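Notes follow the structure.
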Amino acid sequence: MVNKTADVLIIGGGIVGCAAAYYLVKGGCSVIVLEKEETIGSGGSSRNGGGVRQSGRDPRELPLAMHGIKNIWPTLSAELDCDVEYCQKGNLRLGQTEAQLRILESLTQKAVACGLEVRMISGDEARQINPYLSEAVLGASWCPTDGHANPLAATLAFYRQARRLGAVFISGEAAQEIRQSKGQARTVTAAHGVYEGGTIIVAAGLGSRPLLNTVGLDVPLQPALLETLVTEAVAEMFPQMLGTAAADFYGHQSARHGSFIFGITSGYEFCARPGFPRSSAAAASAACRSILAYFPSLADVKIIRSWAGWMDDCADHVPVISFAAEVPGLLMACGFSGHGFGISPAVGELLSEMVIAGRPSLDLTELRHDRFVMK
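The sequence shown begins at 1 in full-length UniProt numbering and counts up by one.
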């Protein structure tokens with residue numbers, strides 16, 4: 001018989017939920033994770049381009065990225081006893097017009113003000129770092145401490161290690177309602193039972209909003225489609241993480257097997273059935289035209305697969321990581337808006353601190369859920 005009571009209930013088996021479970025059991029808590037799908041990490045956690053970056057981030061979430069890259073990512077493979085394919089070879093964010101360079105300059109100035117090592121470079125300097133760049137690139141921001149990793153490997157590594165330490169994962173168990181007892185979040189009603197916990201963490205991506213609604217809370221999340229392309233393996237060309245000021249694609253070449261992985265935003269949306277996205281040839285073609293404008297040398301590289309998924313886009317494109325004063329015992333971690341993978345280890349660690357110590361080691365004031373409340 002499955003135990004349905006734990007110190008902490010986590011709703012969502014993506015990388016944030018898995019990382020939180022790992023750090024919590026490591027800290028001595030009993031943990032149950034409820035995942036509505038049959039597989040772990042089947043949402044955005046395994047449907048992204050793998051960026052582990054600080055550059056280009058909102059200053060409100062930048063400290064989490066900086067903390068993770070300085071203190072967690074470099075030793076994560078050893079800690080989790082699994083190669084998460086972390087590669088720290090820098091990040092080029094590219095611009096082809098003067099307007100795009102102004103966007104990069106603004107982002108760079110904000111990041112430097114937060115203490116990040118990042119600078120603007122010319123197109124020629126960018127081509128010295130990556131000689132495959134086209135002459136159309138006028139300039140770029142360059143952050144040498146950024147990098148990339150394998151999203152699926154990292155998600156499953158946290159999952160496996162959390163299980164080894166005693167966390168219980170129940171897949172195919174869709175949470176339906178959070179219930180309070182004596183003014184505190186206490187139980188979760190799911191498809192196959194009722195679960196009880198001293199703390200409830202909602203880290204369910206887009207599913208977080210309706211769950212929070214059951215206790216009178218709302219986080220303004222909307223679905224936004226993100227697609228990913230993977231190419232055939234080719235000889236090593238460059239190790240940097242890539243992005244653009246136009247935000248039309250981002251990605252990297254895997255250091256392990258030579259494939260390119262590109263996240264794309266084409267503007268096309270296709271659904272095989274209501275609510276279930278799929279990638280399309282039209283979207284792939286649009287994305288490839290954009291990629292080739294920056295990297296013409298990839299013209300003959302074949303795409304071998306693609307996929308699509310919904311991201312939980314928050315109204316201001318910055319996550320909510322917050323206790324709810326209105327509902328004691330409830331903790332939220334959602335709204336990562338397509339750039340949660342790189343900060344997920346830090347988020348998992350901070351969530352464990354919030355449960356165990358009552359407060360995080362980093363200031364998360366600007367990520368509170370009540371920032372959307374009229375004051």
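Cβ coordinates follow ideal geometry from the N, Cα and C atoms, glycine included.
Note that this is a predicted model, so its numbers are computed, not measured.
Three-state class that DSSP yields for residue i in the structure shown
i	result
Arg102	helix
Asp83	coil
Asn150	coil
Ala272	A caution first: Ala272 carries a pLDDT of 48, below 50, which makes its placement in the model unreliable, though a value can still be read off. Here Ala272 sits in strand by DSSP.
Gly197	strand
Asn91	strand
Thr265	coil
Pro223	strand
residue 378	Residue 378 falls outside the range modelled here, since the chain spans only 1 to 375, and no answer is possible.
Tyr132	coil
His67	helix
Val137	coil
Thr231	strand
Ile40	coil
Ser55	coil
Ser45	helix
Thr108	helix
Glu117	coil
Gln96	coil
Glu236	coil
Ser122	strand
Arg255	In the sequence under discussion, the amino acid at residue 255 is Ala, which differs from the Arg named in the question. Residue state, collapsed to three classes: coil.
Thr155	helix
Val33	strand
Ala78	helix
Ala6	strand
Ile72	coil
Gly27	coil
Gly243	strand
Tyr250	strand
C-alpha distance - residue i paired with residue j, whole-angstrom precision
i	j	result
Leu94	Phe158	32 Å
Gly263	Asp248	8 Å
Glu105	Ala245	10 Å
Ala78	Leu64	21 Å
Val234	Gly258	5 Å
Ile201	Leu9	6 Å
Gly13	Pro74	24 Å
Ala272	Arg359	Reliability of the predicted coordinates at Ala272 is poor, the pLDDT of 48 falling under 50, and the value obtained from them is presented with this limitation in mind. Their backbone Cα atoms lie some 43 Å apart in a straight line.
residue 402	Asp363	In this structure the chain extends from 1 to 375, so residue 402 is not present and cannot be described.
Leu24	Val112	33 Å
residue 387	Ala255	In this structure the chain extends from 1 to 375, so residue 387 is not present and cannot be described.
Leu62	Ala346	11 Å
Gly243	Ala190	40 Å
Arg53	Ser344	12 Å
Met237	Val320	37 Å
Val16	Glu37	15 Å
Gly340	Ala6	26 Å
Glu349	Ala324	19 Å
Ile303	Ile356	46 Å
Ile69	Pro144	12 Å
Leu225	Thr265	7 Å
Asn3	Glu353	24 Å
Phe372	Val219	8 Å
Ile11	Leu152	19 Å
His252	Asp370	36 Å
Val188	Gly338	27 Å
Residue-level contact to chain C via CB, residue i, 8 Å cutoff
i	result
Glu236	Within the model displayed, chain C is absent; a lone protein chain is all it includes.
Nearest-angstrom beta carbon gap, residue j and residue i [assumed within contact, 8 Å]
i	j	result
Gly115	Gly329	Their Cβ separation, rounded to whole angstroms, is 35 Å, which puts Gly115 and Gly329 out of contact at 8 Å.
Gly51	Lys89	Between Lys89 and Gly51 the Cβ distance is about 12 Å, and since that is not below 8 Å, they are no contact.
Ser134	Leu107	Ser134 to Leu107, Cβ: 22 Å. No contact.
Val230	Ala149	That pair is no contact at about 15 Å.
Ser297	Leu367	Not quite, the Cβ-Cβ distance comes to about 40 Å (not below 8 Å), so this is no contact.
Gln176	Val137	Wrong, their Cβ atoms sit about 50 Å apart, outside the cutoff.
Leu211	Pro223	Their Cβ separation, rounded to whole angstroms, is 15 Å, which puts Leu211 and Pro223 out of contact at 8 Å.
Contact test: residue i Cβ vs the ligand SAM heavy atom, cutoff 7 Å
i	result
Arg256	The ligand content of the structure shown is nil, which means the ligand SAM is not present either.
Is the segment 331-338 in contact with the segment 307-316, if contact means three or more CB pairs nearer than 8 Å?
They touch, by the three-pair rule.
In chain order, what are the residue ranges of uninterrupted alpha helix (DSSP H) at least 4 long that sit wholly in the segment 172-221?
The qualifying runs are 208-213.
Any chance the segment 30-42 sits against the segment 159-167, with 3 or more Cβ pairs inside 8 Å?
As far as the Cβ criterion goes, the segment 30-42 touches the segment 159-167, which means the pair count is three or higher.
Taking the runs of the beta strand (DSSP E) that are 3 residues or longer, which of them lie wholly in the segment 288-371?
The DSSP assignment places complete beta strand (DSSP E) segments of no fewer than 3 residues inside the segment 288-371 at 303-314, 320-323 and 330-334, in order along the chain.
Using a Cβ distance threshold of 8 Å, determine whether the segment 176-183 contacts the segment 40-49, with at least three qualifying pairs required.
Under the 8 Å Cβ criterion, the segment 176-183 does not count as touching the segment 40-49, having fewer than three qualifying pairs.
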